[in-house]
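For the protein sequence lines, the chains are U and A, in the order given. 400 is the number that UniProt numbering gives to position 400 of the first sequence; each next residue is one higher, with no gaps. 77 is the number that UniProt numbering gives to position 77 of the second sequence; each next residue is one higher, with no gaps. I have placed the structure first, in the form of structure tokens, so that the comments after it can refer back to it.
2 protein chains.
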Amino acid sequence: MTGLQEALDGRWAHVRQEARKQLAGSHFVAVPGETIEQARERISRLITELPVDPGVAAGFPKEYGGGADPGGSVVAAEMLAQLDLSLMVKAGVQWGLFGGAVVALGNERQHAAYLPDIITARLMGCFAMTETGHGSDVQQLRTLCTYDPATETFDLHTPHEAARKDYIGNAAKDGRMAVVFAQLITGGKSYGVHAWLVPIRDEDGNPLPGVTIGDDGHKAGLLGVDNGRISFDHVTVPRDALLDRYGQVSSDGAYTSSIENDTRRFFTMLGTLVRGRVVVGGSSSSATKSALTIAVRYGETRRQFGAPGEQREIVVNDYLVHQRKLLVALAHTYALTFAQEELVIALHEVQTADGAVDEHRQRELESRAAGLKAVQTWHATHTIQVCREACGGAGYLAENRLPGLKADTDVFTTFEGDNTVLLQLVAKGLLTGYRDAFGSLDGWGRAAFVAEQVREMVLERTAARSLIQRLVDAVPGRDEEVALTDRGWHLRMFEDREKHQLDGVIRRLRRGAAQKRDRQFDIFNDVQDHVLSVAKAHVDRVVLEAFVAHATEPRLEKMCDLYALTVIEANKGWYLEHGRLTPARAKAVTGKVNDLLKQLRPEMRELVDAFAIPEEWLNAAILREEEGRQETMAAHDLSVR
Amino acid sequence: MTGLQEALDGRWAHVRQEARKQLAGSHFVAVPGETIEQARERISRLITELPVDPGVAAGFPKEYGGGADPGGSVVAAEMLAQLDLSLMVKAGVQWGLFGGAVVALGNERQHAAYLPDIITARLMGCFAMTETGHGSDVQQLRTLCTYDPATETFDLHTPHEAARKDYIGNAAKDGRMAVVFAQLITGGKSYGVHAWLVPIRDEDGNPLPGVTIGDDGHKAGLLGVDNGRISFDHVTVPRDALLDRYGQVSSDGAYTSSIENDTRRFFTMLGTLVRGRVVVGGSSSSATKSALTIAVRYGETRRQFGAPGEQREIVVNDYLVHQRKLLVALAHTYALTFAQEELVIALHEVQTADGAVDEHRQRELESRAAGLKAVQTWHATHTIQVCREACGGAGYLAENRLPGLKADTDVFTTFEGDNTVLLQLVAKGLLTGYRDAFGSLDGWGRAAFVAEQVREMVLERTAARSLIQRLVDAVPGRDEEVALTDRGWHLRMFEDREKHQLDGVIRRLRRGAAQKRDRQFDIFNDVQDHVLSVAKAHVDRVVLEAFVAHATEPRLEKMCDLYALTVIEANKGWYLEHGRLTPARAKAVTGKVNDLLKQLRPEMRELVDAFAIPEEWLNAAILREEEGRQETMAAHDLSVR
């Protein structure tokens, strides 16, 4: 194991190594060009063959055969994503979303009754939250669940077509129960969204009375996952089917909860389900790594044009623009890997902590999960596309894996939270930090200054705090004098962009609030692009801090330079606009990036090999054929010259 | 017909209208979720049912039943692309590439013998240029075709696996002949790449002796096109199978050609085939328009979050960030439509001109075709992805068309020329303009200045020349005083970026040549990113000039403002770096863009309706369902409040 691999494998290296061993054997590997029926059949079968320990059971409580290892469960999912994304998503639905909701929202009786069968996949289930008419605004779901004290049952009902559950994994074919999210109504009053464990199919797989199940049919990708639609026509649900950890209904219909405020309660419930987003972010990076491995290795053998007068063989990886695509994407992938590692550690610590949940840490975790999910999934969409193009026509053939990686991961940018909405959430978290210090938005209008002190409080460092502070403090005063690879300077540039943009948004919101007091939508909408920039700047900083904390050897240092400088380069418009870069230094940044690419060029192959994806998992015909073919061609060319 | 539609439909409006009428009827429309066998079967059938006039025959000579209307043939293909991209590509292979090569490279006897059957699709054929080992460097193809005066035949041979023809449309299933590109060897000497018309299958569809045909199998998209691989094992080809317009071999093996230089002859032959790139660029924009129509219309009905305190209904199109995605993409699509129109006119005029080809115009046409193909196909890939995400989960379902549009167009960024390679071609064209004035690259080392005069010659205006000159001349001296919507200022900003970057590249190439005289690869590779920036700047200008020429009414003026200002905004780093924007003005640009979005928001629906895509061609379930559903939901919400 190389030092690079050790760094990338991180704290759960043992889970990764175990998966590489346990899931060896090609029958787990993605199959290109399947029909939807073939894919569903194969994935339904494989899902029951997955190793339970430390795999799919990692996230469950010890008393039901689980590993009580939330971090390990995320990493196990990331490994599945390198085999087959349908398999990962199907597993994520079954054990992450469905099983996870029962664990997080259910009581002990419910745990005992269902978890053993959920873990072994004897009981397949759905997570029925999203509705056709409402994706992101889950607090406003339209499905109703009304308690009737006379019968001591709930009435679960879909009032109109926009309220039907949609895009639900496991619904079209395999799910026998569903965790259904709906508005809880009792005594004529609504208490907000809660969840019930509801049977939807009988033993023979037929929908139960009152339950209508539709099929979402063919999708862009993830053909092995049976997404569907579920409607309820006044379905009777027993009182004890309510997953009632956060809200209980007594037999006479009285509602009780440890959390008074409906909104707070709802978001507390949602907060317990944060793992799904962490898994999606990490899994999309797994796919990115597969794609980069394929493209970089192909680029080591593929030639494009003859290079007259050159002694050496020029391959496509030798081209600056090819490096600009693949090596830069690789540096960002490294950065995101370390940020994901820090996030998984944070998740693990929050979810294994004794005693009450630390609200501040929980909120911080949710914000980081949202931000990194958005950034990792967009990075995956972008990078897999770049890899496809880097492989030319070969990249378009299913046998070379890239089409599948692309089609399967595409949906990640909008599921488990639309990326744009998630970034707004991140920004709102930052704004809330301000508000907690200054009071409400109205209050901001009176506060004439923004205290450095407050800013420090909001922009908390997220990794290796003391190291980072030391690096930042060591930067001399004038930027022009600082080396372009000075880590403290990078950190300061990232922080600066975030702080300044946050200040700007707050100023504009205050101004807007003063002018358009009654038009809340417009106040926020006018600055929505600015709000998203703040969120991106924040995530960039979180990612850089994680990279800095893990850049423990020379190649990682260089990759960290490349990450930092390409982010600065991509935002040079902002830096120049705000006097943080002089024109001369902005040009020097570009020169330094090209210089780093030259230095890292010989390492490209090792940098992807460090992802340690088993050869059979890569499953791309061009990797099997290309080396032999190029040798033949080179020999031929020599003979005809 | 609205004024917008009239402007977009352009000079070949009659061809578009005819297609909308002739291709009505849902059996031409793309079918989501087909297996590869179903798709191939359907497309093979439909290809024989396409209207010949003014459709598939438009590009052929009148004497064989064609329309002698090269421009019309491009527009007819663009229309097919709105129905089904597999159908468009299959038609493009048959009539554009295969038939087009016979027209352009063949002699009259060959025209008479084959064109009638090609036009009616009785004779299906392939265009066998690309090889597994060489995509872009077609001058270095490895297939050999050697003349033997003893038998008066050629020997066509694939010397090794990397030389097999690959990704060839019509090869896996339907093609009976192929235009095969190979190195012509006679009398022991190679004369470069030529083309032969070679039978590959017998009447029963079996490969002929010596011909090995493979199947490229499942692809990311375009399942209806049967791409395959062809190898030749010393296949005997009669002497008169050579498409010999540009080079002839006499029975005794003597080679003659009207073009002495092998390279020049080869690029002249390639140049006659320019239409393929024009079709791919235009067709990718057709797909972009379908995607935008779907996303904008869905965004008019889809709600995301409740907007407390608002009287009006807030739909996703009301969000600034949604407008930043869709409206900006829409403005760029308009811009590219007009640029494509100008390109098609240029193509039409060159290809219908009497007498000898004007070399300068031909070169200009090839360069513009390359640049617009690259920019349009990348814009399609980007925009269709944005539209998919803008539709959330619904965008991922095959029934809503976007997955098909995305998967089918993906390959366009690398076929008919890899986009990166094409942009290099554009840049080399600009550099050649310099060289023609200054002499060779070596000569540049001596030339100490860059004359304005030369620059003017290189940076020729591409549309509405006198109007544009007037606008540029009317801009007052100091930028800060000019309105942000001043068209002359936009034009000057675009020109400036192109000129200055071109100067910069030349300066760096000269310096490189002086320092590394013997290392040609490094000299160019060191500035490759800069070279691509020049090409992008050039294409941006060409596109703006076309938009200016066509912006004949107020909404088009605003869309042109939006196009120009978002390009300036995207490049503000460069403008600030080079003192072309002050920080204050750079910020004002962003403000103005947001302002334009607000002004154009109410027009979104009309702006996509002007593409005039027949409702049945759009073929997206969400458009059929969404309106009714939203009405039900709104009514319900009112009743529960």
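Positions of the beta carbon are idealized from the N, C-alpha and C atoms, including for glycine.
Beta-carbon proximity of residue i to residue j, cut-off 8 Å
{"i": "residue 93(U)", "j": "residue 186(U)", "result": "no"}
{"i": "residue 407(A)", "j": "residue 291(A)", "result": "no"}
{"i": "residue 195(A)", "j": "residue 400(A)", "result": "no"}
{"i": "residue 193(A)", "j": "residue 180(A)", "result": "no"}
{"i": "residue 166(U)", "j": "residue 130(U)", "result": "yes"}
{"i": "residue 296(A)", "j": "residue 320(A)", "result": "no"}
{"i": "residue 384(U)", "j": "residue 225(U)", "result": "no"}
{"i": "residue 152(U)", "j": "residue 251(U)", "result": "yes"}
{"i": "residue 19(A)", "j": "residue 55(A)", "result": "yes"}
{"i": "residue 539(U)", "j": "residue 402(U)", "result": "no"}
Bridge partner(s) assigned by DSSP for residue i
{"i": "residue 229(A)", "result": "214(A)"}
{"i": "residue 302(A)", "result": "Answer is none; residue 302(A) lacks a bridge partner."}
{"i": "residue 126(A)", "result": "178(A)"}
{"i": "residue 265(A)", "result": "Answer by DSSP bridge pairing: none, since residue 265(A) is not bridged."}
{"i": "residue 148(U)", "result": "153(U)"}
{"i": "residue 242(A)", "result": "196(A)"}
{"i": "residue 131(A)", "result": "134(A), 165(A)"}
{"i": "residue 190(A)", "result": "185(A)"}
{"i": "residue 11(A)", "result": "Beta-bridge pairing links residue 11(A) to no other residue."}
{"i": "residue 219(A)", "result": "397(U)"}
Cutoff 8 Å: residue i Cβ touching any chain U Cβ
{"i": "residue 11(A)", "result": "no"}
{"i": "residue 165(A)", "result": "no"}
{"i": "residue 220(A)", "result": "yes"}
{"i": "residue 525(A)", "result": "yes"}
{"i": "residue 513(A)", "result": "no"}
{"i": "residue 246(A)", "result": "no"}
{"i": "residue 451(A)", "result": "The pLDDT assigned to residue 451(A) is 37, lower than 50, so where the model puts this residue is not dependable, and the model offers no usable value."}
{"i": "residue 486(A)", "result": "no"}
{"i": "residue 532(A)", "result": "yes"}
{"i": "residue 381(A)", "result": "yes"}
{"i": "residue 170(A)", "result": "no"}
{"i": "residue 320(A)", "result": "yes"}
{"i": "residue 371(A)", "result": "no"}
Continuous alpha helix (DSSP H) stretch holding residue i: start and end
{"i": "residue 594(A)", "result": "583-600"}
{"i": "residue 566(A)", "result": "554-570"}
{"i": "residue 331(U)", "result": "320-352"}
{"i": "residue 117(U)", "result": "108-119"}
{"i": "residue 52(U)", "result": "Premise fails: residue 52(U) is in no alpha helix (DSSP H) and is neither H nor E."}
{"i": "residue 384(U)", "result": "359-390"}
Residue-level contact to chain A via CB, residue i, 8 Å cutoff
{"i": "residue 441(U)", "result": "Interpretation of residue 441(U) is limited by its pLDDT of 42, a score under 50 that renders its predicted location unreliable; no figure is taken from the coordinates."}
{"i": "residue 276(U)", "result": "no"}
{"i": "residue 206(U)", "result": "no"}
{"i": "residue 261(U)", "result": "no"}
{"i": "residue 497(U)", "result": "no"}
{"i": "residue 314(U)", "result": "yes"}
{"i": "residue 397(U)", "result": "yes"}
{"i": "residue 304(U)", "result": "yes"}
{"i": "residue 389(U)", "result": "yes"}
#### Entry: Contact set between the region 16-43 of chain A and chain U, restricted to residues whose Cβ is under 9 Å from the partner
Taking 9 Å as the Cβ-Cβ cut-off against chain U, the residues of the region 16-43 of chain A that qualify are 32, 33, 34, 35, 36.
### Task
Closer than 8 Å, Cβ to Cβ, to anything on chain U: give me those residues from the region 399-430 of chain A, in chain order.
When CB distances to chain U are screened at a threshold of 8 Å, the residues of the region 399-430 of chain A falling below it are 399, 402, 403, 406, 407, 410, 411, 413, 414, 415, 418, 419, 420, 421, in chain order.
### Residues within the region 572-589 of chain U neighbouring chain A, beta-carbon criterion of under 8 Å
Residues of the region 572-589 of chain U with a C-beta less than 8 Å from any C-beta of chain A: 572, 573, 576, 577, 578, 579, 583, 586, 587, listed in chain order.
### Query
What residues from the region 213-242 of chain A come within 9 Å of chain U, judged by C-beta to C-beta, listed N to C?
Identification of residues in the region 213-242 of chain A having a C-beta nearer than 9 Å to some C-beta of chain U yields 216, 217, 218, 219, 220, 221, 222, 227, given in sequence order.
### Query
Quick one, which residues of the region 114-132 of chain A are near chain U if we go by CB-CB under 8 Å, in chain order?
Under the 8 Å Cβ criterion, the region 114-132 of chain A contributes 130, 132.
### Message
If the cut-off is 8 Å on Cβ atoms, which residues from the region 136-150 of chain A count as contacting chain U, listed in chain order?
### Response
Residues passing the 8 Å Cβ filter: 136, 137, 140, 142.
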